């Protein structure tokens with residue numbers, strides 16, 4: 008009888024540990040999405056603010072692995088285009104949808120090419136996709152999707 012109690016205690020302990028670690032992993036994933044969402048919202052909010060220079064946004068929100076004058080020129084022009092696009096939108100109505108919450112039909116043409124799909128987001132305004140972003144280290148690593156010649160698009164890292 009004592010050995011049955013010890014066995015039951017051991018099983019109960021293992022079950023509780025399993026459930027506990029599962030809940031912690033789930034909380035970690037939720038925290039990551041919330042952090043990413045905050046970074047994206049701040050990025051879009053500052054980009055929509057005409058009083059904030061694009062180079063400030065570049066330095067605060069962009070992760071640039073291969074800096075060069077050409078990359079900076081491209082990013083500044085691209086950010087200005089996004090800014091112009093944001094001028095006609097109510098920023099509060101933009102939806103930030105993680106890759107793994109997208110309908111399969113909407114992402115079938117995207118090749119993540121080894122990137123962490125948990126860090127890919129699609130921004131929608133009034134049911135229309137307006138931007139795709141890849142985050143790395145709590146910064147925007149790419150907002151550029153390019154066809155890879157195989158009928159799919161992939162993110163270009165800067």
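In the working numbering, the protein residues as written are 8 to 165.
C-beta: ideal position from N, C-alpha, C; glycine also.
No experiment lies behind these values; they were computed from the predicted model shown.
1. Report yes if the CB atom of residue 98 is closer than 8 Å to the CB atom of residue 51, and no otherwise.
2. From residue 49 to residue 155, what distance separates their C-alpha atoms?
3. So what does DSSP say about residue 149, is it helix, strand or coil?
4. In or out: residue 34 buried (at least 16 other Cβ within 10 Å) or exposed?
5. Is it a yes or a no for the segment 65–85 touching the segment 121–134, going by three-plus beta-carbon pairs under 8 Å?
6. For residue 71, which three-state DSSP category applies?
7. Provide the residue span of the alpha helix (DSSP H) that contains residue 76, from first to last.
8. Tell me, to the nearest whole angstrom, how far the beta carbon of residue 47 is from that of residue 103; I am working on the premise that it is less than 8 Å.
9. Report the three-state DSSP secondary structure of residue 103 (helix, strand or coil).
10. Rounded to a whole number of angstroms, what is the C-alpha to C-alpha distance between residue 105 and residue 76?
11. State buried or exposed for residue 153, treating a residue as buried only when at least 16 other CB atoms are found within 10 Å of its CB.
Walking through what the data contain:
1. Sequence index remark: in the chain shown, residue 98 carries index 91 (1-based). Sequence index remark: in the chain shown, residue 51 carries index 44 (1-based). The answer is yes: Cβ separation under 8 Å.
2. By one-based count along the chain shown, residue 49 stands at place 42. By one-based count along the chain shown, residue 155 stands at place 148. Near 30 Å, if we compare the C-alpha coordinates of residue 155 and residue 49.
3. Translated into positions along the chain shown, residue 149 becomes position 142. Reduced to three states, the DSSP call for residue 149 is strand.
4. Position 27 of the chain shown, counted from the first residue, corresponds to residue 34. The predicted position of residue 34 is uncertain, since its pLDDT is 48 and thus under 50; a value taken from the coordinates is nonetheless stated next. So residue 34 counts as exposed.
5. no
6. Your numbering for residue 71 matches position 64 in the chain shown. DSSP places residue 71 in coil when its eight states are reduced to three.
7. Residue mapping note: residue 76 aligns to position 69 of the chain shown, counting from 1. 76–93 is the extent of the alpha helix (DSSP H) around residue 76.
8. Locating residue 47 in the chain shown gives position 40, counting from the first residue. Locating residue 103 in the chain shown gives position 96, counting from the first residue. Between residue 103 and residue 47 the Cβ distance is about 5 Å, and since that is below 8 Å, they are a contact.
9. As a position in the chain shown, residue 103 is number 96, starting the count at 1. Strand, per DSSP.
10. By one-based count along the chain shown, residue 105 stands at place 98. By one-based count along the chain shown, residue 76 stands at place 69. Whole-angstrom Cα-Cα distance: 31 Å.
11. In the chain shown, the residue the question calls residue 153 occupies position 146. Under this definition residue 153 is an exposed residue.
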